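Worksheet: one structure, shown below.
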Amino acid sequence: MKNIVQVFGKKKTSIAVAVLKGPGNGFVRINGVYLDAIEPEILKFKAFEPFFSAEEFGIGDIDIRIRVKGGGQISQIYAIRQAIARGLIKYFEKFVDENKRTKLHDFFLNYDRSLLVRDPRENEPKKAGGKGARSRYQKSYR
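Taking the UniProt record's numbering, the leading residue of the sequence shown gets 1, the next gets one more, and so forth.
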């Protein structure tokens with residue numbers, strides 16, 4: 001029987017939904033594409049930073065399937081890494097043990113808090129009387 005966990009991560013308008021299945025073969029897919037085909041290389045490592053940094057906790061062979069949409073390339077990467085970190089913690093909570101889950105949670109908080117906690121900053125909407133959120137049209141006195 002497969003152990004399945006589904007979680008999400010958000011950054012700005014990007015939403016990543018991760019499905020973790022274990023035990024598996026260690027396959028990782030983003031929008032149906034295998035991890036080896038993701039370019040550029042630096043963004044691939046940034047996205048899977050929680051997976052690589054938490055190997056000491058005995059993650060094992062877990063299949064990860066991620067669907068991501070919205071936003072730009074960088075915000076999608078940050079949404080993916082948040083979804084992976086949350087998914088690992090949820091997987092440990094349901095299928096491994098609570099002690100390892102607590103250690104992993106504390107490790108992620110000390111390593112990078114944005115792995116677990118969403119960044120609340122959003123784009124400010126445009127208002128009337130100007131071409132942006134804060135800028136106003138120029139006023140003429142003559």
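Cβ atoms here follow ideal geometry from the backbone N, Cα and C, with glycine treated the same way.
Keep in mind the model is a prediction, meaning the values are calculated, not measured.
- Three or more beta-carbon pairs separated by less than 8 Å are not found between the region 126-137 and the region 11-25, which leaves the two stretches without contact.
- With a minimum length of 4 residues, the unbroken runs of alpha helix (DSSP H) contained wholly in the region 37-104 fall at 41-47, 49-53, 73-95.
- For Val-5, the uninterrupted beta strand (DSSP E) run begins and ends at 3-11, by DSSP.
- Burial state of Phe-27 is exposed, judged by a 10 Å Cβ sphere holding fewer than 16 other Cβ atoms.
- Counted as a single uninterrupted DSSP element, the beta strand (DSSP E) harbouring Arg-29 occupies residues 28-30.
- For Pro-120 and Asn-110, the gap between their C-alpha atoms comes out near 19 Å.
- Between the region 82-93 and the region 9-17, the count of Cβ pairs shorter than 8 Å is three or higher; the stretches touch.
- Between the region 50-68 and the region 88-103, the count of C-beta pairs closer than 8 Å reaches three or more; the two stretches touch.
- The distance from the Cβ of Phe-107 to that of Ala-54 is about 7 Å, consistent with a contact at the 8 Å cut-off.
- Separation of the CB atoms of Ile-38 and Ile-30 is rounded to 6 Å, and the pair is thereby assigned contact status at 8 Å.
- In the three-state DSSP reduction, Ser-14 falls in the strand class (E or B).
- Look at Tyr-137 here: in three-state DSSP terms it is coil, with no helix or strand label.
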